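Structure record follows, encoded as structure tokens.
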Amino acid sequence: MEMLLFADFLGKAVWMWLVFVTVVIALLVLDLGVLHKDQHEIGVRESLLLSSFYITIALCFGGWIWFEMGREPALEYLTGFVVEKSLAMDNIFVIAMIFSFFAIPLKYQHRVLFWGILGVIVLRAVMIALGATLVSQFGWVLYIFALFLVLTGYKLLVLTDGAQSLLESNRFARPATAGAWVALCLALAYAARVGMAQTGEVIAVQATVYLLTAATAYLGIKIAYLSHEEEKDLAGNPLLVWLRRHLRVTDAIEGRDFTVQLPDAKSGRMATYFTPLFLALVMIEIADVVFAVDSVPAIFAITTDPYIVYTSNIFAILGLRALYFALAAMMARFAYLKYALSLVLIFIGSKIFISNLMGWEKFPASWSLSITLFLLASGFIYSAWKTRGSSTGDATRPDGR
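Residues 1 to 401 (UniProt numbering) make up the sequence shown, in order.
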């Protein structure tokens, strides 16, 4: 038994993974079995208290990592936690849109989010395991990840909806676009050179083709399933249309259940119908998969340790679910946060190139954390200042009422 506990699993002893799993299970049991045993509407105050509790647990876990693994891994964990927490803000806006579209009552939203988090834990584990395998086999893939982050950050900076784009004017947008394409060509050339030096020309070219194919597939999925930002467009979402066509679906919300027994329209016999809660759950899971494709490369650009990557991801997601009910009521106050997120992505993606230019073996973790916190804090402060005349009460309720 002792040998099993100290056996290696993805670079860490099994007992370290068991500690993490035990903490997560305890939090989920506490959440559903104690704190939310009865269905009730979660207010802003309760949401903030719950979020503070989850953040405290996440920070304590970071302290434990510092004690067990040292300062550098702990700082990487904290940086990953902060970045993931911030990037998931976009996810909150999409979740609020989904709940509003299906008119899910506030008192049932926590149940949907709770079961959604179980799916997220599994899906993130699969994606991170694949990413870790890819990075271990082809180290130069990190350059592709970095490039992807820079381009994603650029897209957020130029094409952000809602607030006026900082690069909206052609005077800035055209040179910025040209610069982005030049950076793309240079980064691809650099990644190809590193890949050929490390793995040989044939393997490098094949792997690049696979990566570009995967990226194209991802963009296709994103355009097909989540390109509709407006609530009125969600009804035409291809995935939702497919679900309604192939499943028995009722538009009536039958309490807290995902399924309900109703008479079949043709035979008259009792049959299982899926409620809007189930449809909302599926759409939220798909949304998280798409957002994970953005956030997983971000954490791998910070650290390649699967343990740090996965634990920081999950703790950020657990806490964000609790914070949802507060943020969903104050979405208008964060109109300019995306600009800070875009700069964070560009910075994280640029780190690997900066390290090579400076001749560093690795970008200092303390610098990464400090710069990330500074950019995000600036985004929050700027958003609060620009929207200081608005009231949180003017925001649309998360259930669309």
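Where is the CB? At the ideal position from N, CA and C, for every residue including glycine. This one's a predicted model, so the numbers in the text were calculated from it and none came from an experiment.
Rounded separation between VAL21 and TRP15 - CA only: 10 Å
Segment contact flag, the stretch 252-259 with the stretch 273-286, C-beta cutoff 8 Å, min 3 pairs: yes
CB of PHE334 within 8 Å of CB of MET89, strictly: yes
Presumed contact (8 Å Cβ cut-off) between SER366 and LEU75, rounded CB distance: 6 Å
Exposure of ILE352, with buried meaning 16 or more beta-carbon neighbours within 10 Å: buried
Burial state of SER86, where buried means 16 or more other Cβ atoms lie within 10 Å: buried
Per-residue DSSP class, three states only, for LYS351: helix
Nearest to LYS338 (by Cα), restricted to the options LEU320, LEU106, MET283, SER378: SER378
TYR324: first and last residue of the uninterrupted alpha helix (DSSP H) it sits in: 306-327
Neighbourhood of ILE346 by C-beta distance below 8 Å, restricted to the same chain and skipping five residues each side: LEU149, VAL150, GLY153, TYR154, LEU157
Local conformation of LEU262 per DSSP, three classes: strand
Residues of its chain near VAL289, where Cβ-Cβ distance is below 7 Å and the 5 sequence neighbours each way are ignored: LEU123
VAL82 and THR372 closer than 8 Å at C-beta: yes
CA nearest to the CA of GLY134, picked from ILE348, GLY319, PHE300: Residue 134 is actually Leu in this sequence, not Gly. Of the candidates ILE348, GLY319, PHE300, the one whose C-alpha sits nearest the C-alpha of LEU134 is PHE300.
Nearest-angstrom beta carbon gap, TYR77 and SER312 [assumed within contact, 8 Å]: 5 Å
Helix, strand or coil at TYR108 according to DSSP, with G and I counted as helix: helix
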